[in-house]
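Beneath this line is the structure, given in structure tokens, with notes to follow.
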Amino acid sequence: MKVNKNIYTLGICNCETSSACLFINDSLVSAVSEERFSRKKYDRSFPTQSINYILKEYNIKLRRIDNISYSWSKGFQASLKKKYDKRFSYLKKTNVVASKIFSDRYKYDILQDKNYRNEFNQWVKVSLTKKQKKNLKIFYHHEAHAANASLLSSFDKGIVLTADGRGDFEALTVSLFNRNKKYPLKKIYSSTSSDSLGYFYGRITSLLGFKPMAHEGKITGLAAYGNPKKALPLMEKMIKFKNGELTASLGDLYKPFFKGYSKNLTNELKKYSREDIAAAAQQHLENCVCEITKYYLKKLKLKSTNLMLSGGVFANVKVNYHLKSIKFINKVFVQPQMGDGGLCLGAAALHLHGQKIKIKQLDDVYLGPSIRFSNIKKLSKKFPTIKIVKCKLTHDKICEDLKKNKVLGLVRGKMEFGPRALCNRSIIYKTSDKSINNWLNKRMNRTEFMPFAPVIRHETAKLAFEKYTFNDPTFNFMTSTIKCTNVFKRKCPAVTHIDKTTRPQVVYKKKDLFLWTLLKKWEKQSGEMSLVNTSFNAHEEPIICNEKEAVNALIRGMIDVLYIEEFRITVSKPPLIYRKIKMLSKKTSQLSTKEIKSVCLLKDTHWKYGLNSQLTWFKKNVKSLDIHNMLLINKKLVGYTLLRIRKIKSDITRNYFLFDTLIIKKELRKTKLSNSLMSLNKDIILKNKKIAFLTCKKQLIKYYKKYGWSKLNNKQIKIIDGKRNMYGMFFNYKKSYIKGFFSLRLHASK
Ligand SMILES: [Fe+2]
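The opening residue of the sequence shown carries number 330 in this note's numbering; numbering runs sequentially from there.
Below, the structure written as structure tokens:
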């Protein structure tokens, strides 16, 4: 008798947000990103823990996997050669500076991708069988983006757009998709990595003081507060779409990198407010992407088609909103993991399509680890201050807590794959409190300009939003905004943006009965139309994965009550009123005498030299430009770090930050408050574009590594004015900042 054997396909990608996924036959059954295990946001290391989790969860050995699929660093496509040659020879003739930038981008791509590919090759070498190596398939970066948007959609035909910073020498592609063809994607257009909308928007993000490839959403939110018209002509000078080509003006105003700004660009931008800059950048991005889509719809004579989107640019919910309203576009599907973490999905799907297996559409993204009941019961042993109660009527209890203005952590089922939390690892709250955008963001140490997003029942969505349509996939995964009705705006101000839009998650009874019932009860009891749904994570941390991380958040005061499945968890001894947490960063010259005294008193709780001695040291050693980062609870100083400006001598002499002190009030040391302080330090160091250095004991190296600090070779550094008997660590060290051997001055020069 013939036994039907399952086909196991493992997809892997190792780049920004390294991830792995598993298909069993035609269905995606598991997908997870390394960051959720390593707890390093956007972790780029090889997804070993993700692969191990998947294999363990499905109880299969790696050697049993039939197909291994990988995407990224496949190399330079022969079809791109003509385009690159043409562009390069034109630039060489017309603009030497631009041709240098163009070739630098190309060389940098080769260099960077080599490392990722080597890492994968090494894994293949040591982990796979001969048969598996034969059946290994590698796909191009944008090919995998296009595949994860199209093959996992519900559509059989349509147009596919991919856009990001860059990948495998492309930054934007347009393809025609036909599921019934042997190779389903026919590429119509692609732009070079130098002509990149991702770099354009990322540079603006960075110039406004945020982290590119991470904080672009803040710019989208900020944009609603500005006037796009003022700085739009400047944006148009940077990159534009004309005659079917996306072309950047490589030079003074635009470079296909996130850093390295010309004085000219920074001076130009100084003329505008940051709101106006954000608004212009957003408007320009929307214009470019919409123009490209319209152009190719016309060129391909498509009168009615579906649109599929993938790549970091489509994390921009406003761009997606505008694309949806283009004439001739029917439905839009945005791959929920539109970033590079989703490349593993595209690679595996293409591999299977090549084997004539029709991929099932992606219905949800609950593809990660779930919480084991046995682990919930063990929690009280590990965390003696918590109280766990099994609810009889969980929905009623949740509504009761919401009515009492409690911030709730909701953890149930499998963890979501991708950047959005869809109420399996979410924080929920009532939507009638407009002030939430101030205090809850502060409580989670976040800076956001976009309001919180709502989760809403499909039935209510009809009344809440303008032109709402049934089963719009962008609302299943929170990948697009929509205009709110006046009644929604009035009832749910906490989740309505200044431009009267919102980014909803719509819930259907058939798909999620628990959530649907909760929302229905909440509507009935409160009169509100939705609940706030924000991801369950603190600033710069990945979304929580397991029950311990959720309880830690409860103990730290990020939430008031935690629901894990039907268990209600509270802290029996509430820690402190964390709502009154405040982070401050001041130069010495801005500190009041009272603040200096508080700093010295806090330091003296650990280094017990007495207050007078602390004050004398402060006066003698701390200089006016040194930066003091402070954490206050109820206006009392409970945490402190000091960044002292000192000098490095290398090929040139330049300033660096000496990370001098890290202290948290003794009784708060186990609350992980230092996370917040370390994040603040990180932001300040990056914002000032300085290298930071610290010395520490061996046992603390691991701790600082967690925050991105790295240990440098001792032979490379010499301390000019002191002995270093401890280990030296650097943050934000870049070879371009200082070359080769260098010396450090620990004390301030006279
Ligand atoms: Fe990408």
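Cβ coordinates follow ideal geometry from the N, Cα and C atoms, glycine included.
As the structure is a prediction and not an experimental result, all values here were calculated from the model.
Can we count Gly683 as close to ligand 1, meaning its CB is less than 6 Å from some heavy atom?
no
When you compare each of Glu788, Ala823, Pro783, Asn659 to Thr810 by their alpha carbons, which one comes out closest?
Pro783
For a test of your reading of the model: does the CB of Asp493 fall under 6 Å from any non-hydrogen atom of ligand 1? Yes or no.
yes
Neighbour-count burial assignment, Asn767, 16 or more Cβ in a 10 Å radius
exposed
Return helix, strand or coil for Asn659, following the three-state DSSP convention.
strand
Does the contact criterion of 3 or more C-beta pairs under 8 Å hold for the segment 537-556 versus the segment 605-615?
yes
When you compare each of Tyr1036, Asn645, Asn593, Leu696 to Glu870 by their alpha carbons, which one comes out closest?
Tyr1036
Would Ile1030 and Tyr1062 qualify as a contact pair, given that the criterion is a beta-carbon distance under 7 Å?
no
Whole-number beta carbon distance between Leu913 and Lys994, since they are thought to touch under 8 Å:
Not quite, the Cβ-Cβ distance comes to about 15 Å (not below 8 Å), so this is no contact.
Rounded C-alpha distance that separates Lys719 from Tyr695:
24 Å
For ligand 1, is there any heavy atom lying closer than 6 Å to the beta carbon of Asp669?
yes
Using only alpha-carbon positions, find the residue among Val489, Leu987, Gln378 that is nearest to Cys874.
Gln378
Along the beta strand (DSSP E) that carries Arg754, what are the first and last residues, could you check?
754-759
Could you name the residues of the same chain whose beta carbon sits closer than 6 Å to that of Thr491, not counting the 5 residues immediately before and after it, in chain order?
His471, His474, Ala475, Thr502, Ser639, Gly640
contact_flag[the segment 557-570, the segment 592-602] where n(CB pairs < 8 Å) is 3 or more:
yes
Could you compute how far the alpha carbon of Leu679 sits from the alpha carbon of Leu480?
8 Å
Between the CA atoms of Leu440 and Leu954 - distance to the nearest angstrom
38 Å
Helix, strand or coil: how does DSSP classify Gly546 here?
helix
Span of the alpha helix (DSSP H) around Ala360:
Where Ala360 is concerned, there is no enclosing alpha helix (DSSP H), although the beta strand (DSSP E) it sits in stretches over 356-362.
Rounded to a whole number of angstroms, what is the C-alpha to C-alpha distance between Ile962 and Ser927?
13 Å
Where do the N-terminal and C-terminal ends of the beta strand (DSSP E) with Asn635 fall, by residue?
634-639
May I have the straight-line CA-CA distance separating Lys375 from Cys821, to the nearest angstrom?
Checking the displayed sequence, the identity of residue 375 turns out to be Phe instead of Lys. One C-alpha to the other measures close to 42 Å.
Label Ile906 either buried or exposed according to how many other C-beta atoms from any shown protein chain fall within 10 Å of its C-beta, with 16 as the threshold for buried.
Summary for Ile906: the model assigns pLDDT 47, below 50, so the residue's position carries little reliability; its value from the coordinates is reported in the next sentence. It counts as exposed.
Backbone secondary structure at Ile906 - three-state DSSP:
Interpretation of Ile906 is limited by its pLDDT of 47, a score under 50 that renders its predicted location unreliable; no figure is taken from the coordinates.
For the beta strand (DSSP E) holding Met959, just list the boundary residues, first then last.
956-962
Report whether the distance from the Cβ of Gly640 to the nearest heavy atom of ligand 1 is below 6 Å.
yes
Identify whether Ile723 lies in helix, strand or coil by the three-state DSSP scheme.
In the sequence under discussion, the amino acid at residue 723 is Thr, which differs from the Ile named in the question. Helix.
What are the residues that DSSP puts in a beta bridge with Lys711?
None, per the DSSP bridge assignment.
Glu565, DSSP secondary structure in three states
helix
By alpha-carbon positions, which one of Tyr469, Glu878, Asn509, Thr825 ends up nearest to Glu857?
Thr825
Do Asn649 and Asp605 have their C-beta atoms closer together than 7 Å?
no
What did DSSP end up calling Val835 once you bin it into helix, strand or coil?
strand
Where do the ends of the beta strand (DSSP E) carrying Asn805 lie?
Where Asn805 is concerned, there is no enclosing beta strand (DSSP E), although the alpha helix (DSSP H) it sits in stretches over 802-805.
Could you tell me whether the segment 431-439 touches the segment 509-528, where touching means 3 or more Cβ pairs closer than 8 Å?
yes
Let me confirm a value: Ala407 is counted as buried when at least 16 other C-beta atoms fall within 10 Å, else exposed. Which label applies?
exposed
Simplified DSSP state of Pro557, which is helix, strand or coil:
helix
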